[in-house]
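In full-length UniProt numbering, the protein residues as written are 1 to 291.
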DNA sequence: TAATCGTGGCC
DNA sequence: TGGCCAAGATT
């Protein structure tokens with residue numbers, strides 16, 4: 001199967017299988033796409049969708065978000081996880097107001113200069129919001145390429161130069177095809193070519209997939225890092241912040257002390273939240289989300 | 001470069 | 001039951 005055939009096969013599959021997500025609709029603004037991309041960093045679609053609608057209703061433009069206190073962004077973030085993303089989103093909105101006339105910038109350099117925007121998000125916004133012909137490489141895309149082309153079950157823990165080069169080679173030359181290709185490969189990874197239990201029998205490229213042809217060999221690369229949780233600072237930070245999110249008024253220190261027994265760890269985490277800008281200490285030994 | 005940073009659902 | 005995973009960024 002030629003490269004063009006592979007591209008057409010996946011693009012055709014996408015036409016019939018794509019999910020109807022609000023940030024994919026033609027009337028979605030670049031700001032809406034930008035917000036969705038940040039929310040989707042490490043957070044599943046089903047959890048993002050309701051919060052995204054709330055944000056779009058409350059803050060339909062970068063200017064609107066920048067006019068609210070950063071703590072309101074953290075509160076409205078709810079339980080999406082990694083709340084520093086909310087702070088960075090607020091910072092990005094402020095930067096758009098200060099440097100880009102209140103608009104989402106369209107080129108990669110300006111996008112990546114915004115807080116919370118790395119290689120992936122810059123490419124995704126440039127491609128999905130502005131139609132730029134740039135390879136968009138996320139964990140789904142990396143897995144599809146690893147299986148369909150390279151013939152291994154999982155991509156390596158970190159993005160390699162070879163993977164980036166491969167993604168650039170696979171991107172269709174035609175701009176219209178390139179636009180669909182990026183989202184189509186991502187969707188294939190999200191719906192069919194999943195990390196666990198891939199649905200190879202439903203896959204449009206099962207006949208040519210290098211991993212399937214090799215007999216679906218088990219992963220043989222370096223160990224993939226797990227994510228410890230119980231007893232970690234992340235758990236403590238999560239509890240502290242949840243208390244502050246759920247309280248309309250500033251919270252006394254004694255109340256925060258009840259979410260975790262280990263005083264040393266608790267204080268370290270509270271200090272960390274303050275230095276991160278997620279929590280604001282008041283004069284009277286109370287704490288709140290930044291005002 | 002590797003560690004850190006939330007949260008919840010799934011097999 | 002619990003390890004694994006989800007459209008990563010930052011330091």
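Positions of the beta carbon are idealized from the N, C-alpha and C atoms, including for glycine.
Of the candidates 266, 239 and 287, the residue whose Cα lies closest to the Cα of residue 82 is 239. For the pair residue 102 and residue 63, the CB atoms are nearer than the 9 Å cut-off.
Taking all protein chains in view, the Cβ of residue 4 is surrounded by fewer than 16 other Cβ atoms within 10 Å, so the residue is classified as exposed. The residue from 256, 96 and 208 with its alpha-carbon nearest to that of residue 149 is 208.
Less than 9 Å divides the Cβ of residue 19 from the Cβ of residue 191. Remark: C-beta atoms of residue 145 and residue 221 do not approach each other more closely than 9 Å. In the three-state DSSP reduction, residue 79 falls in the coil class, being neither helix nor strand. One alpha carbon belongs to residue 140, the other to residue 205, and they sit about 15 Å apart.
Judged by DSSP secondary structure, residue 58 falls outside any beta strand (DSSP E) and instead within the alpha helix (DSSP H) spanning 45-58. The Cβ atoms of residue 237 and residue 269 sit closer than 9 Å to each other. At the C-beta level, residue 48 and residue 80 come within 9 Å of one another.
Look at the UniProt domain "HhH-GPD" (39-191) and you find these whole runs of alpha helix (DSSP H), each 4 residues long or longer: 45-58, 62-66, 70-77, 84-99, 108-112, 119-130, 139-145, 161-170 and 175-191. According to DSSP, residue pairing for residue 280 in a beta bridge involves 288.
The distance from the Cβ of residue 272 to that of residue 280 is about 14 Å, inconsistent with a contact at the 8 Å cut-off. One thing to note: residue 181 has its Cβ within 9 Å of the Cβ of residue 171. In the three-state scheme derived from DSSP, where H, G and I count as helix and E and B as strand, residue 212 is classed as helix. Sequence-distant Cβ neighbours of residue 137 in its own chain, meaning closer than 6 Å and more than five residues away, are 167.
When the five nearest sequence neighbours on each side are left out, no beta carbon in the same chain lies closer than 6 Å to the beta carbon of residue 6.
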